Each structure stands twice: as structure tokens, then as C-alpha cells.
Amino acid sequence: MSVVEVVGLTVVRGGTTVIDGLDLAIGPGVTGLLGPSGCGKSTLLRSIVGVQRVAAGAVTVLGEPAGSAPLRDRVGYQTQSSSVYDDLTVLENLRFFARVLALPRAAAEDALASVDLTGHRDAVVGRLSGGQRSRVGLAVALLGSPALLVLDEPTVGLDPVLRRDLWALFHRIAEAGTAVLVSSHVMDEAERCDALLLMREGAIIAHGTPAEIKAAQGVADVESAFLALVERRESA
Amino acid sequence: MTLRVTLAIAVRVLTQLRRDHRTLAMLLVLPCLLQALLWWIFQDQPLVFDRIGPALLAIFPFFVMFLVTSITTLRERSGGTLERLFTMPMGRLDFLVGYALAFGAIAAVQAALAAGVAIGLLDLDLRGPDALLLLVGVADAVLGTALGLFVSAFARTEFQAVQFLPAVVVPQILLCGLIVPRERLPEVLEAVASLLPLTWAVDAMEHLATTTRTGEVWRDVGIVVTFAVAALALGAATLRRRTD
């Protein structure tokens, strides 16, 4: 069964059609949404969590309309910025969002442990490194073990070791039963996903496992597959 | 609206303020210092201080709450935290009322300090009941908070948000009766002044200063609260779960 179903999604921003009649189904596991900056990744993710104004179409998450009340404690979301309060400590941030979600106090500590930040619980977020801030944002998204986790470019600008650790964390979360949807503009992160969505100019140009996408184009890596797909579309 | 979420937001805003010593000083100490400065300026003309002192007790909370709220809510909009909250079980009113509660509480402390300094140290002569003075101060600060929340929707950067200060707040200060009593303004300006909320807040303080009767004060508080509720409703209209 698919976790997210998108039918005929159309988004118009400032008079320009950013996404035009998109159909899509996303299943469990770690799904990577890959494409260049400005291709509409954030707009699609915002539509899935229900904060994007859409012109037409339907987005269904876990059987409910995207953004509807029953989903508000079942979908974890992190925007491109880490979306936490810089002037609060790590623990204060988590306790605040846990209270909004009606979770017990222990939920904050659990989320911190899962991103390995327990040692920084009393640090003010504004004084942390970029990678640590991003993990605080991720911890907030993990509060209450959501059924779907939507992360907008969580690994951008991070050190390779930290990126590897984060992807390992995404897989652990997925194994525990949470569907994870992660966007990135870095093609070399593709191999780390169970399923891939390649996006360009508001359209999904390929959808499958990394192996399927590479095999269909007869190439050795996802970046070459992306190029082959774009060239084929442009010559058609 | 959920009480749990509203209170969570109010407590969170207060925690942020507690850590921000500079803003806290601006909210609590600066009004007292400015008042003392004014008292000093008019040291040889105590009657002038008695006339404008009460007006200042109304202007300070409005001014600083407007400034602080418009910037903090703009940060919520641009920093992604508001968007995150909207994917959670938070209603628009939780957000607005949470902010109003937090700044209302700060305003009560501010009003008590400013009035304490004005009456206790600077010999400002007030006839009306102290509790009512506190109430006017809080209503006034909530008005500033509500207007600040509303205008933050029309700014993209903190620089743009600050620009609303000369555009929205300064005209009200000029017309509220601080410089020229409202009755002595040109007819058109007097009519304009009576449409501006700060005028009624100042009017309340002036009644408190000059008479022990409280009827007009309650009427003025009613007008200020009505403006604040209207501004909160407008603010709610600018807070959308779904945006472009």
C-alpha cells in the first residue's frame, strides 16, 4: 500500500505553473527525491505535508487528505532551514514541540538520543554547528515516532561522515516502520535510497530503485541516468 | 484552539525572552529610564511633566510591544518554525493568543514598573486607582502585540518590519494628544485621531491622572480592547496553514 498518493497535482506560484498535473505513489522505506535546485522538490514536499496552496489535484497521506487534522501528529516534517528556535536550548526546543504534539516529557529525551545529541541537550541552539542544528530539527521531526517523515535537504552542506551517519539513521527509522521521504540536489546520495524519484522542471522523470533506473538507461550511475533521461526528453 | 498548545506557545515565548537580556531590558528598564529623562527635562516645569507623563505610560507599552512582536513573528514566518507548527496540531488562534498572553504578562510587569517609577520616584500625580492603571497598560500592550502580529505578514525582512514603526506607530504618537491636546487639533485631524487606537489609550491614562471617576476609563479600555481584538482577527486572517 502506498503511503503517499498524488493525483493530478498542480501548483501555481506567482503566475507560473511550478508543478503541472503530477501523479505519484510513494511506498515505505527510504525514498529519495532528487533533482536540481529550483525543480520543485520543496513545493512537492510542502504539498505532501499540507502547507502548500495547490491549484488542482489531490494528495493523500496514509489514507487521509494531506494536511488534514488526523495527520498532524503522524507526519514529521523538516523544512530546508532547521526550523527550530535559535535562542532556546536543544531540550527546550524539543520539550516545546513535544507539548504541542501532546507527548509525554520523555519523548523529548528519546528523540534527542536517536540523533545522538543527548550530550548537547542544554546547549543553546544558536551556538551549535550547522550539522548539530540540522540534527535538532530532525529530532523535532522524529518526535512521537511519526508514520511518515518528510525531510527537505537535511544533508546539505554537511561533512561526509555526518552525511553517512544521517543516511544510516534514515534507514534505521525506516526499518522501524516509518516511511522516509528525503530530498537532495546531490546525485551521489541516490545510491543510499531504497527508491528514487528523479525530478526536473516540476515533473518526475524517473521513479524506481537505483538499480532499475540505471538499468533502464544502460548506465553505471544515477547522474548519467539523469542526463540520459533529460537528453532523450529534449530530443523528443 | 487548544489550551495546551496556547500555553505551550506563551511559555516558549517567555523562555526566549528570558534568555534575551537586551530585549528584556528594552521592555522593562527603558520605559522607566525614558520617563526619568523626561522628568529631568521638565524639572523646572512640573506641570508639563504632569500633563505628558500619563500619555507616556500609554505610549511605551504600545511602542515596544509592537516592535518586539513584529520582529519575533516575522522570524517565525521566515525561519520555518511557523510552517513546522502548522504541520502539527496547532490552530491559528493558539499562535496568536499564545503571543498575546506572553506579551500581556510582560506588559503587566512593565506597566507596574513604569507606574511605580512615575508615581513613586518622579512624583507624577495620579488620582485614579492603581489597578486600573495596570489594566490600561496591559490592554495597550496587547494592542501593540496584535498590531505587530498583523503587520509582520506584510514584511519579508526584519528591516521591512522595522519600517512599519514610522509608518504605523509614529503618526499615532503625533496625533494621540501628547503634543497638542486632541480637542485643539484641526477638525480633520481630530476626527482622524479619534479613529486611532493609541488616542484612546492615552485618553484613559489622562482620565486616570486627572479624576477619580472611572467611567470614561472603562469606556476607553473597552475601545482599546475592541481595536486589539480586531487587530488579532486581522492577524489571524494573515496566518494561513497553506501558503504559496
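Sequence order for the protein chains is A and B. 541 is the number that our numbering gives to position 23 of the first sequence; each next residue is one higher, with no gaps. 120 is the number that our numbering gives to position 106 of the second sequence; each next residue is one higher, with no gaps. We put the beta carbon where it would ideally sit given N, CA and C, even for glycine. Predicted model only: the values in this text are computed from it and were never measured.
Exposed or buried, what is residue i when buried is set at 16 or more other beta-carbons lying within 10 Å of its beta-carbon?
{"i": "Leu-51 of chain B", "result": "exposed"}
{"i": "Met-761 of chain A", "result": "The first residue shown for chain A is 519 and the last is 754, placing residue 761 of chain A beyond what the model contains."}
{"i": "Ala-634 of chain A", "result": "It should be pointed out that residue 634 of chain A corresponds to Asp in this sequence rather than to Ala. The residue in question, Asp-634 of chain A, is exposed, as its Cβ has fewer than 16 Cβ neighbours within 10 Å."}
{"i": "Trp-53 of chain B", "result": "buried"}
{"i": "Met-15 of chain B", "result": "exposed"}
{"i": "Leu-157 of chain B", "result": "buried"}
{"i": "Arg-227 of chain B", "result": "exposed"}
{"i": "Val-202 of chain B", "result": "exposed"}
{"i": "Ser-752 of chain A", "result": "Just to set this straight, residue 752 of chain A is Glu in the shown sequence, not Ser. It is exposed - the Cβ of Glu-752 of chain A has fewer than 16 other Cβ atoms within 10 Å."}
{"i": "Ala-686 of chain A", "result": "exposed"}
{"i": "Ile-23 of chain B", "result": "buried"}
{"i": "Val-511 of chain A", "result": "With chain A covering only 519 through 754, there is no way to say anything about residue 511 of chain A."}
{"i": "Ala-145 of chain B", "result": "exposed"}
{"i": "Arg-26 of chain B", "result": "buried"}
{"i": "Pro-645 of chain A", "result": "First, the residue type needs correcting, since residue 645 of chain A is Arg and not Pro in the sequence shown. Flag for Arg-645 of chain A reads exposed."}
{"i": "Arg-750 of chain A", "result": "exposed"}
{"i": "Phe-688 of chain A", "result": "buried"}
{"i": "Glu-671 of chain A", "result": "buried"}
{"i": "Pro-143 of chain B", "result": "exposed"}
{"i": "Val-529 of chain A", "result": "buried"}
{"i": "Phe-168 of chain B", "result": "exposed"}
{"i": "Val-524 of chain A", "result": "buried"}
{"i": "Thr-706 of chain A", "result": "Residue identity differs from the one stated: residue 706 of chain A is Asp in this sequence, not Thr. Under this definition Asp-706 of chain A is an exposed residue."}
{"i": "Pro-583 of chain A", "result": "exposed"}
{"i": "Val-602 of chain A", "result": "buried"}
{"i": "Pro-554 of chain A", "result": "exposed"}
{"i": "Arg-617 of chain A", "result": "buried"}
{"i": "Ala-675 of chain A", "result": "Correcting the residue identity first, residue 675 of chain A is Gly in this sequence and not Ala. Counting Cβ neighbours within 10 Å, Gly-675 of chain A comes out exposed, since fewer than 16 surround it."}
{"i": "Val-152 of chain B", "result": "buried"}
{"i": "Leu-47 of chain B", "result": "exposed"}
{"i": "Val-679 of chain A", "result": "exposed"}
{"i": "Leu-612 of chain A", "result": "buried"}
{"i": "Ala-69 of chain B", "result": "buried"}
{"i": "Thr-86 of chain B", "result": "buried"}
Please check the pair residue i and residue j, which I expect to be a contact at CB under 8 Å, by giving their CB distance rounded to whole angstroms.
{"i": "Ala-129 of chain B", "j": "Leu-44 of chain B", "result": "Actually they do not touch by this definition, with Cβ atoms about 15 Å apart."}
{"i": "Gln-30 of chain B", "j": "Leu-661 of chain A", "result": "So it is not a contact: roughly 19 Å between Cβ atoms."}
{"i": "Ile-66 of chain B", "j": "Leu-192 of chain B", "result": "6 Å"}
{"i": "Val-150 of chain B", "j": "Val-235 of chain B", "result": "6 Å"}
{"i": "Arg-147 of chain B", "j": "Asp-64 of chain B", "result": "Going by the sequence as given, residue 147 of chain B is Leu instead of Arg. Their Cβ separation, rounded to whole angstroms, is 15 Å, which puts Leu-147 of chain B and Asp-64 of chain B out of contact at 8 Å."}
{"i": "Gly-585 of chain A", "j": "Val-569 of chain A", "result": "7 Å"}
{"i": "Val-460 of chain A", "j": "Val-654 of chain A", "result": "Shown here, chain A extends from 519 to 754; a query on residue 460 of chain A therefore has no answer."}
{"i": "Gly-249 of chain B", "j": "Ala-160 of chain B", "result": "6 Å"}
{"i": "Leu-684 of chain A", "j": "Gly-550 of chain A", "result": "That belief does not hold up - the Cβ atoms of Leu-684 of chain A and Gly-550 of chain A are roughly 13 Å apart, past 8 Å."}
{"i": "Leu-552 of chain A", "j": "Ser-702 of chain A", "result": "6 Å"}
Pull up the DSSP beta-bridge partners for residue i, would you.
{"i": "Arg-718 of chain A", "result": "A:Ala-721"}
{"i": "Pro-103 of chain B", "result": "Paired residue(s): none; Pro-103 of chain B is not in a bridge."}
{"i": "Ala-244 of chain B", "result": "Ala-244 of chain B pairs with nothing; no bridge assigned."}
{"i": "Glu-204 of chain B", "result": "Answer is none; Glu-204 of chain B lacks a bridge partner."}
{"i": "Thr-549 of chain A", "result": "A:Leu-699, A:Ala-713"}
{"i": "Leu-540 of chain A", "result": "A:Leu-527"}
{"i": "Gln-570 of chain A", "result": "B:Thr-257"}
{"i": "Val-642 of chain A", "result": "A:Thr-607"}
{"i": "Thr-252 of chain B", "result": "Answer is none; Thr-252 of chain B lacks a bridge partner."}
{"i": "Thr-535 of chain A", "result": "A:Val-530"}
{"i": "Val-755 of chain A", "result": "Only positions 519 to 754 of chain A appear in the structure, and residue 755 of chain A is not among them; the question remains open."}
Under 9 Å between C-beta atoms, does residue i make it to chain E?
{"i": "Gln-650 of chain A", "result": "Of the protein chains in this structure, namely A and B, none is chain E."}
Using a beta-carbon distance cut-off of less than 8 Å, what residues from the stretch 88 to 109 of chain B approach chain A? Gly-93, Gly-94, Thr-95, Glu-97, Arg-98, Leu-99, Phe-100, Thr-101, Met-102, Pro-103, Met-104
What residues from the stretch 15 to 45 of chain B come within 7 Å of chain A, judged by C-beta to C-beta, listed N to C? Arg-18, Val-19, Ala-22, Arg-26, Thr-29, Gln-30, Arg-33, Asp-34
Identify each residue in the stretch 581 to 610 of chain A for which the Cβ-Cβ distance to at least one residue of chain B is less than 9 Å, and report them in chain order. Gly-585, Ala-587, Leu-589, Arg-590, Asp-591, Val-593, Gly-594, Tyr-595, Gln-596, Thr-597, Gln-598, Ser-599, Ser-600, Ser-601, Val-602, Tyr-603, Asp-604, Asp-605, Leu-606, Thr-607, Glu-610
Can you check the stretch 665 to 749 of chain A for any beta strand (DSSP E) of at least 3 residues that lies completely inside it and give the ranges in chain order? 666 to 669, 697 to 702, 713 to 718, 721 to 726
Please name the residues in the stretch 698 to 727 of chain A whose beta-carbon is closer than 7 Å to at least one beta-carbon of chain B, in chain order. Residues passing the 7 Å Cβ filter: none.
Which runs of the beta strand (DSSP E) fall wholly inside the stretch 572 to 621 of chain A and span at least 3 residues, in chain order? For the stretch 572 to 621 of chain A, whole beta strand (DSSP E) runs of length 3 or above, ordered along the chain, are 574 to 579, 593 to 596.
Check each residue of the stretch 607 to 631 of chain A: if its Cβ is closer than 8 Å to any Cβ of chain B, include it; give the result in chain order. Residues Glu-610, Phe-614, Phe-615, Arg-617, Val-618, Leu-619, Ala-620.
Using Cβ-Cβ distances below 7 Å, what residues of the stretch 548 to 566 of chain A are close to chain B? Close to chain B, meaning a Cβ-Cβ distance shorter than 7 Å, is no residue of the stretch 548 to 566 of chain A at all.
Looking at chain A, which residues of the stretch 242 to 258 of chain B have a Cβ within less than 9 Å of any of its Cβ atoms? Arg-254, Arg-255, Arg-256, Thr-257, Asp-258
What are the start and end residues of each continuous alpha helix (DSSP H) run of 4 or more residues lying completely inside the stretch 103 to 158 of chain B, in chain order? 106 to 130
Mind pulling the alpha helix (DSSP H) runs of 4 or more residues that sit fully within the stretch 66 to 94 of chain B? none
Closer than 8 Å, Cβ to any Cβ of chain B: which residues of the stretch 522 to 542 of chain A, in chain order? Arg-531, Gly-532
Closer than 7 Å, Cβ to any Cβ of chain B: which residues of the stretch 727 to 754 of chain A, in chain order? Cβ contacts with chain B: none found.
With 8 Å as the C-beta to C-beta threshold (strictly closer), list the residues of the stretch 672 to 687 of chain A near chain B in chain order. none
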